[in-house]
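Residue numbers (the numbering used here): 87 to 286. For every residue, glycine included, the Cβ atom is placed at its ideal position computed from N, Cα and C. In this text, all values refer to a predicted model and were calculated from it rather than measured experimentally. Input: a single structure, listed below in structure tokens.
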């Protein structure tokens, strides 16, 4: 009976996981040590999970400040979008996925700031201080614009390249690379993009 139950639970988990991959997953450990997982957190005690090469881990970003920081950086985002002929909604979507508007966000790979610039990308676009929100948004936006130009305004490929690098997209026949992180990233940004387009 135990083996049958274990097999059922494993089968159910494998069935559900592909659907959860498109949604943000949040984890909460209650006072009794029970773990709760949901895509709709009901209070601030939930922590968002992100999939890394080490497996599922808690996001390092403080999501409680999203609304405040979004309002704070809206002028810089609007200016960068206009200067680079990009929809504001797309920039907001990328920033939401990359850092949740946290200018001090640092990834495990060493990407920094609102648009998570790596050192080489920052140098390429003349960003001296990656923690400077205005400079970070300016550099990240110019990079995204160049990626859109490179991939004939294909938003999906530009987003894949923003995450995995343009060479990875080119190497895989100008398609989304077969990396779980990149595929999840593209879906997440597109979801945010569609939501922001309705608001703007």
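- Annotated three-state conformation of residue 262 is coil, per DSSP.
- Taken through DSSP and simplified to helix, strand or coil, residue 178 comes out as helix.
- It is roughly 15 Å from the alpha-carbon of residue 236 to the alpha-carbon of residue 250.
- Boundaries of the beta strand (DSSP E) harbouring residue 123: 121-124, taken from the DSSP string.
- DSSP, read as helix, strand or coil, puts residue 115 in strand.
- Residue 196 and residue 185 have their C-alpha atoms spaced approximately 13 Å apart.
- The beta carbons of residue 227 and residue 172 sit closer together than 8 Å.
- Going by DSSP, residue 155 is part of the alpha helix (DSSP H) stretching over 152-169.
- When secondary structure is reduced to three states using DSSP, residue 198 falls in the strand class.
- Cα atoms of residue 261 and residue 191: separation of roughly 29 Å, rounded to the nearest angstrom.
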